[in-house]
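Okay, so here's the structure we're looking at.
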Amino acid sequence: MSLTQRSIPSLLLMISVVAGCTKTATTVIVLDPVKFTVVRENGKKKVLALEAEQLFKQAGREYDDEKFEQSVRTYRLLIKEFPRSTFVIASHYNAALALEALKRYGDAAKHYEIVAKAKRGERDARDSLMRLAFCYDKLERWSGVVSAVDRIDVDKLGLLDRIEAFARRGNAQYKLQALDKALVDFRRVMRTYHDKQYQRVLVGDYWVSQAQFGIGLVYRAKFDRIKFRLPLSSMKDALQQKVSLFLRAQNNFIKAIYLHNNYWAVVAGFHAANLYESFYRDAMEAEVPKTLTQEELEIYYAELKRHVMPLLRRAISIYEKNVRMSVRLGEQNPWVSKSRAQLVRLKTILANYEKTLNAPKQKLKPTRSSIKRRPPKRRTLTDDGAPKSGQPG
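Residue 364 in the numbering used here sits at position 359 of the sequence shown, and the numbers go up by one each step.
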């Protein structure tokens, strides 16, 4: 059965119930209009009556049966045919939920925006803005996430929604490279977590763990921005700053591991190992004076490799622990695979370094020009100018 584009003009049905005599009060019940639409069924035209309430219930059943495409069509039909119905706002919200289930986040966002504007300041608007932030997150439209959360009166949110709002916006700020703003939001989450009245409720919470990890990620980003550049005095300052940021990032990654959320524990473990790897990489890419000869460069890099090898070994150790932890927790996500891949790569690098540094040094064979010859003996001449007997001529 399919609906045609042609429909009979809507009829407003009003039922007046009058009880008793003329002196009795009159109760007037105004119902949503009923529309009559021509449909085709088995090749024949048929007039079908459409009611907003019945369409709303039908769309709800379709959603419950996971017929999301049909549910969206039914909700949109209601919205189109009954734009003034009391079911319209709820239909926009529910249609958005069905679109989320279909991973059509951009289409869902349009419906949530309508609800948020129509119900500004009300709970329905806050719920829609929370879902809107989720959709923009999925679409990686980070400025949209920030804007959606900014429009929410967070003080009126429940505990868990408030935690989610701050953590989600903090992550979006991080993606936008607004690191200090991200840090503010992540710390708001952690302050709430450390409040004794909430701590038990929030143990293992996804958003709390993400916020703790996020603080580490902010310090990691600041760590990555600092490079070793000449002159030597600048390098010394850079080293001090990097060590400080390294320790802050590492500390927060470790804290995230112990917050009892399996997913974020594995993610934090990966980044704790990768932090050492980044330090190694930055050291290897440090600027060197252009005045060094090729021989001096070879000596420099050989010594540098000796100094960075402990960083590689530490990174390998943490990657190994992270893989073992994921097995123990039964957690399988992309970060486990990444940990395994990095293990293979770093072990190969380390083995090559060890092989090169432990190889016996070859003695250079002197070239002809470098052979030192003994100077010839001084010749003594006879009176006639000829060399004495036994001396070279």
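Glycine residues also receive a C-beta, built at the ideal position from the N, C-alpha and C atoms.
Residue i versus the options, residue with shortest Cα-Cα distance
| i | options | result |
| --- | --- | --- |
| V223 | E74, E145 and L181 | L181 |
| Q202 | F92, E74, W212 and L164 | L164 |
| F251 | S239, R230 and A270 | R230 |
| A320 | K40, T353 and Q215 | T353 |
| E56 | S90, L144 and N279 | S90 |
| W269 | D200, T197 and Q215 | Q215 |
| Q347 | E325, G335 and Q337 | E325 |
| G126 | L184, D158 and Q63 | D158 |
| I94 | R109, S133, E74 and Y68 | S133 |
| V77 | D112, F87 and Q59 | D112 |
| V293 | N363, L362 and M240 | M240 |
| A100 | K85, T79, W212 and F87 | T79 |
| R109 | K143, A356 and I220 | K143 |
| M314 | V271, N363 and W340 | N363 |
| L244 | E105, L162, V151 and F228 | F228 |
| R192 | R81, F171 and G149 | F171 |
| H312 | G335, V332, R286 and M330 | R286 |
| K247 | F284, E86 and A356 | F284 |
| G175 | D190, R167 and D166 | D190 |
| G335 | F92, K62 and V271 | V271 |
| K360 | S322, K310, S342 and V332 | K310 |
| Y358 | M330, M289 and A106 | M289 |
| A183 | V151, E282 and L107 | V151 |
| A277 | I119, D70, A226 and K122 | A226 |
| M195 | F61, D242, Q217 and L82 | Q217 |
| K440 | R156, E105 and L107 | Residue numbering for the chain in the displayed model covers 6 to 398; residue 440 lies beyond these limits and cannot be assessed. |
| Y68 | Q337, V120, E105 and G48 | E105 |
| G219 | N256, V206, G65 and A54 | N256 |
| R3 | G65, K295 and L207 | Lying before the first or after the last residue shown, residue 3 is absent from the chain, which here runs from 6 to 398. |
| Y179 | G209, S342, S148 and A54 | S148 |
| A273 | K343, Q63 and R205 | K343 |
Contact belief for residue i with residue j at Cβ below 8 angstroms, rounded distance in angstroms
| i | j | result |
| --- | --- | --- |
| V328 | R345 | 6 angstroms |
| V154 | A130 | Not confirmed; about 13 angstroms, so no contact. |
| R136 | Y117 | 5 angstroms |
| W340 | F258 | Incorrect: roughly 12 angstroms between the Cβ atoms, too far for contact. |
| G221 | A187 | No, G221 and A187 are not in contact; Cβ-Cβ is about 12 angstroms, not under 8 angstroms. |
| L317 | L280 | No, L317 and L280 are not in contact; Cβ-Cβ is about 13 angstroms, not under 8 angstroms. |
| E86 | K40 | 5 angstroms |
| E71 | L107 | Actually they do not touch by this definition, with Cβ atoms about 10 angstroms apart. |
| F61 | L83 | 6 angstroms |
| E282 | W212 | In fact, because the Cβ distance is near 28 angstroms, the residues do not count as touching under 8 angstroms. |
| V120 | Y141 | About 15 angstroms separates the two Cβ atoms, so there is no contact after all. |
Distance cut-off 7 angstroms: residue i Cβ against heavy atoms of the ligand ZN
| i | result |
| --- | --- |
| V349 | This structure lacks the ligand ZN, and indeed carries no ligand of any kind. |
Inter-stretch contact at 8 angstroms, needing at least 3 Cβ pairs: the stretch 298 to 308 / the stretch 228 to 236: With a cut-off of 8 angstroms, the stretch 228 to 236 and the stretch 298 to 308 do not count as touching, because too few Cβ pairs lie within range.
Residue ranges of each alpha helix (DSSP H) within the stretch 106 to 134, 4 or longer: Counting whole runs of 4 or more residues, the stretch 106 to 134 contains the alpha helix (DSSP H) stretches 110 to 123.
Cβ contact (3+ pairs, closer than 8 angstroms) linking the stretch 262 to 272 and the stretch 301 to 320: no
Every unbroken alpha helix (DSSP H) within the stretch 230 to 262, with a cutoff of 4 residues, ordered by chain: 237 to 262
Inside the stretch 147 to 190 only - alpha helix (DSSP H) runs reaching at least 4 residues: 147 to 155 and 164 to 180
Any alpha helix (DSSP H) of 4 or more consecutive residues that is wholly inside the stretch 54 to 104: 57 to 69 and 73 to 86
Whole beta strand (DSSP E) elements within the stretch 267 to 331, 3-residue minimum: Counting only runs of 3 or more, we get nothing.
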